[in-house]
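Asker:
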Amino acid sequence: MYQKHHCLSINYGEYPIFSLPFGLHLRSLLCAYLQSPTLVSSSLKVLRVLDVCRGSGFLDGIGIEHLIHLRYLAISDTLPSMDSFHKLEYLYVENTRAVEIPDVLLIMVSLRQMYFRGGAYISASFCWQATKDENFHINSNLHSISVLLIHSEMDLKVLRCLPNLRRLKGRLESSINYSVDLLNQLESLKLSCWKYSCCILISLPTLKKLNLVNVHVSLEQMEIIGRWQYLEVLKLQGVDFQGEKWDTSEGEFPQLKFLKLDEVQIAEWNTSRYHFPRLQRLVLQFCDRLKMIPPSLGDIPTLQMIEVYGCAKAIKESAQQIQEEQQYIGNEELKVIISDY
């Protein structure tokens with residue numbers, strides 16, 4: 020029956036997969052939690068999609084290097100030799116420990132996205148080339164990298180050589196001050212720092228989405244971010260503003276639609292409806308020190324929802340008051356969600 024299908028999914032148990040009569044026309048194969056994960060690639064020559072990330076030992080004896088038509092590859096932990104995959108477009112690695120990104124992936128013209136769940140770092144050889152050679156260039160169509168472990172300025176120099184990079188999720192792995200700039204094609208950026216106290220300076224005016232986690236951001240930097248003309252989504256989690264007060268100004272955040280403040284340790288937020296003229300959704304989560312939600316935010320014509328999770332009583336009350344005031348003037352569109360969790 021296997022010869023009749025273009026897509027085959029096998030889950031759980033002890034299957035002698037090598038003996039299954041795969042059809043030569045099989046295009047997609049998804050395997051999970053098998054105890055006898057041995058495949059023979061000779062019957063899978065035209066395979067386009069291979070997902071074997073849920074299980075161990077899948078690459079033993081698979082002859083994966085012969086699957087030269089793969090467009091999508093999802094694997095666990097161990098990276099095979101990637102030299103043969105000239106048509107690969109998407110790589111997903113379910114790794115538990117950080118791995119080195121093979122140089123061939125960064126110069127693979129077909130590759131669009133690569134995701135390493137446990138993080139990955141750029142090789143020392145690539146970093147050295149980007150630092151020493153002023154004319155260093157990478158002929159790559161890579162659009163998205165996640166999760167990249169950024170140790171130093173050399174990693175950022177490599178990223179600046181990727182001409183089509185649009186989305187980046189990175190984890191800062193050092194206590195140095197990072198300067199993230201000259202990535203003018205970047206549209207979405209997430210940076211997190213869990214081990215160290217990291218200060219960052221970002222100059223990326225083309226960004227549409229910015230997510231910062233556990234980093235130090237000066238108020239001057241927030242003013243710079245506020246002037247970005249294309250920013251639509253801003254998420255700040257555990258961000259230290261290096262002060263207890265956040266003042267915004269008219270003309271800032273002209274296109275921002277979504278704002279999330281999560282465990283941001285500010286006590287006073289001075290703002291106006293004119294500082295977030297297109298805001299649609301506001302989320303406050305575990306902002307224990309904030310005294311109140313600025314009442315004028317309720318007058319933003321585009322605002323559709325305010326969400327409050329695990330915040331102090333004063334925040335909950337100010338959210339309810341904003342909703343009541345809007346209902347009083349006939350605005351029934353504004354929704355308010357309040358939860359202790």
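Using this note's numbering, read the sequence shown as starting at 20 and increasing by one per residue.
The C-beta atom is built at its ideal place from N, Cα and C for all residues, glycine as well.
Here the structure is a predicted model, which means the values were calculated and not measured.
1. With a 10 Å radius around its C-beta and 16 neighbouring C-beta atoms as the bar for buried, classify residue 360 as buried or exposed.
2. When the distance is taken between beta carbons, is residue 206 closer than 8 Å to residue 181?
3. Out of 114, 304, 282, 107, which one is the CA nearest neighbour of residue 166?
4. Count the other CB atoms within 10 Å of the CB of residue 197; is the residue buried (16 or more) or exposed (fewer)?
5. When we look at the beta-carbon of residue 126 and count the other beta-carbons within 10 Å, is it buried (16 or more) or exposed?
6. When the Cα atoms are used, what is the spatial distance from residue 291 to residue 224?
7. Since residue 83 contacts residue 133 with CB under 8 Å, what's their CB separation in whole angstroms?
8. What separation, rounded to the nearest whole angstrom, lies between the Cα atoms of residue 218 and residue 245?
9. Excluding sequence positions up to five away, which residues of its chain have a Cβ less than 6 Å from the Cβ of residue 255?
10. Taking the beta strand (DSSP E) that residue 218 belongs to, which residues open and close that run?
11. For residue 191 and residue 229, which I take to be in contact (beta-carbon distance under 8 Å), what is that distance rounded to the nearest angstrom?
12. Could you tell me which residues DSSP puts in a beta bridge with residue 200?
13. Any chance you could list the alpha helix (DSSP H) runs of at least 4 consecutive residues sitting entirely within the segment 249–325, in chain order?
14. Tell me, please, which residues DSSP counts as bridged to residue 235.
15. What are the uninterrupted segments assigned as beta strand (DSSP E) that are 3 or more residues long and contained completely in the segment 102–129, given in chain order?
16. Within the same chain, show all residues whose beta-carbon is closer than 6 Å to that of residue 26, passing over the 5 residues directly before and after it, in chain order.
17. In the DSSP assignment, find the alpha helix (DSSP H) that holds residue 334 and state where it starts and stops.
18. Drop a sphere of 10 angstroms on the beta-carbon of residue 185, count the other beta-carbons inside from all chains shown, and report buried for 16 or more, exposed for fewer.
19. When we look at the beta-carbon of residue 67 and count the other beta-carbons within 10 Å, is it buried (16 or more) or exposed?
20. Should residue 346 be labelled buried (16 or more other beta-carbon atoms within 10 Å of its own) or exposed?
21. Is it buried or exposed for residue 174, if we count other Cβ within 10 angstroms and need 16 for buried?
22. Using 10 angstroms around the beta-carbon of residue 288, count the other beta-carbons present and answer buried if the total reaches 16, otherwise exposed.
23. From 351, 45, 169, pick the residue whose C-alpha is nearest to that of residue 117; which is it?
24. Pick out whichever of 271, 354, 195, 212 has its Cα sitting closest to the Cα of residue 239.
25. Rounded to whole angstroms, what's the CA-CA distance from residue 349 to residue 343? Just pull it up for me.
26. Please identify the residue among 323, 295, 327 whose C-alpha is closest to the C-alpha of residue 302.
27. Taking only three categories from DSSP, how would you classify residue 64?
28. Mark residue 143 as exposed unless 16 or more other C-beta atoms lie within 10 angstroms of its C-beta, in which case mark it buried.
Answerer: A quick look at the data gives this:
1. exposed
2. no
3. 114
4. buried
5. exposed
6. 23 Å
7. With 8 Å as the limit, residue 83 and residue 133 do not qualify as a contact, their Cβ atoms being about 16 Å apart.
8. 18 Å
9. 231, 280, 283
10. 218–222
11. At roughly 15 Å, the Cβ-Cβ gap does not stay under 8 Å, so residue 191 and residue 229 are not in contact.
12. 222
13. none
14. 218, 259
15. 109–112, 118–120
16. 47
17. 332–347
18. buried
19. buried
20. exposed
21. buried
22. buried
23. 169
24. 271
25. 10 Å
26. 327
27. coil
28. exposed
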